[in-house]
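**Student:** Below you'll find the structure I mean.
Number of protein chains: 2
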Amino acid sequence: MSDSLPRPAELLCFSVYAAAHAMNRVYKPLLDPLGLTYPQYLVMLTLWDEDGQTVGQVSERLFLESSTITPLLKRLETAGLLTRERDRADERVVRARLTEAGRALREKALGIPACILGATGLDMAAAVRLRDDVERLRHSLERAAGEEPPSGGPS
Amino acid sequence: MSDSLPRPAELLCFSVYAAAHAMNRVYKPLLDPLGLTYPQYLVMLTLWDEDGQTVGQVSERLFLESSTITPLLKRLETAGLLTRERDRADERVVRARLTEAGRALREKALGIPACILGATGLDMAAAVRLRDDVERLRHSLERAAGEEPPSGGPS
DNA sequence: GCGGTTTATATCGCGCGATAAAGGATCGCT
DNA sequence: AGCGATCCTTTATCGCGCGATATAAACCGC
């Protein structure tokens, strides 16, 4: 079609990619004292919300493969924040349960969301609006990634 | 302040993080045939836009450290897409120049932006609007990451 | 209960990306 | 010359993220 290509800065996807990095750089000094990386923080958030979730539930909520979640949980287990045990009723299932240390860490994390909101330079309403826009984008992309069989749009 | 924490899905930053992954999943089948990863594609875009840029220029445009760009460029050099040579006038500077193969690859990439736009489910105007919103977010985050001296908000 | 399928996770292998920290080389200014 | 600033590389480290494969348990029809 066109014979020109955009600069990275013109691309929506690049802005998302770059924003994700920037976000990481903001989180790092906040999470370092807790000994967590950002993905680990996300896992802790889901368990603080509801303890004893299965690997599958965690991967579903974070949109990551179980082959990403399992090593993540193992690192958190090694750090003493949770335990992994098979469900008695269904032995295929592994559930992650917070330890006392895992629950205690929650207190230290309470201030983080406010710090982050401050760093975004947005008020709550604007942040929610943007979040929903980006979430819709994620959803569309996810759907598109699921299709795309050969190499053909409308022939 | 508050004694509750959000679920990941409620966070703006998580939506950005998840959208970045989703984006990668869409790009992957498009970039695999070109033998590029997404960050490598970004480097190629900047060089297709302007050949012979320095390491510093490329890192600046992609918001990445030079210690990330150097290995990236090396991989692209190994792939035969570019060469790295020191500037004659200023021997501190290393410039990346496309090879014939690097320039040729451009043709194969021409269709990608349209594919991506399709996958976002947005029309051009909406995509541009969202891009600018996310870019503003990135900018705020970047600025916040630059400050935050010790550990103190309001004491 | 017996095969066959599906589901849930683990495992393995892989490479890249990203950073921090330290070092080397060069430039530019005085 | 000398000295700080600039640009890049190197090294070391680490975690993430995925695909492919394997395993084990659960379900299902009969």
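If you're matching them up, the sequences are chains A and B in order.
Going by the numbering used here, the first residue of the first sequence is number 1024, and it counts up by one from there.
Going by the numbering used here, the first residue of the second sequence is number 1024, and it counts up by one from there.
Glycine is no exception: its CB is placed at the ideal position from the N, C-alpha and C atoms.
These numbers were taken from a predicted model, which means no experiment stands behind them.
#1: Taking 8 Å as the threshold (beta carbon to beta carbon), is B/A1119 in contact with chain A?
#2: Between which two residues does the alpha helix (DSSP H) holding B/T1060 run?
#3: In angstroms with no decimal places, state the Cα-to-Cα distance between A/L1068 and A/E1130.
#4: Alpha carbon to alpha carbon, how far is B/T1060 from B/S1082?
#5: What are the start and end residues of the alpha helix (DSSP H) that includes A/R1084?
#6: Between which two residues does the beta strand (DSSP E) harbouring B/E1108 extend?
#7: Considering just the uninterrupted stretch of the beta strand (DSSP E) at A/R1118, what are its terminal residues?
#8: Quick check on A/S1027: does DSSP put it in helix, strand or coil?
#9: For chain B, is any of its Cβ atoms less than 8 Å away from the one on A/A1124?
#10: CA-CA distance, A/A1127 and A/T1143?
#11: Have a look at B/E1100, B/A1045 and B/F1086 and flag the residue whose alpha-carbon is nearest the alpha-carbon of A/P1031.
#12: Would a C-beta distance cut-off of 8 Å place A/Y1154 and B/S1038 closer than the cut-off?
**Tutor:** Walking through what the data contain:
#1: No - not a single Cβ of chain A is within 8 Å of the one on B/A1119.
#2: Neither: B/T1060 is in no alpha helix (DSSP H) and is coded neither H nor E.
#3: About 12 Å.
#4: Those two C-alpha atoms are separated by around 17 Å.
#5: Counting along the chain, the alpha helix (DSSP H) containing A/R1084 begins and ends at V1078 to L1085.
#6: It spans L1105 to R1109 - the beta strand (DSSP E) in which B/E1108 sits, taken as one unbroken run.
#7: Unbroken beta strand (DSSP E) run through A/R1118: V1117 to L1121.
#8: The DSSP-derived three-state label of A/S1027 is coil.
#9: So, not an interface residue.
#10: The alpha-carbon atoms of A/A1127 and A/T1143 are separated by roughly 27 Å.
#11: Considering only B/E1100, B/A1045 and B/F1086, the residue with the shortest C-alpha distance to A/P1031 is B/F1086.
#12: In the sequence as presented, Tyr is not what sits at residue 1154 of chain A; that position holds Arg. Yes, these two residues count as a Cβ contact at 8 Å.
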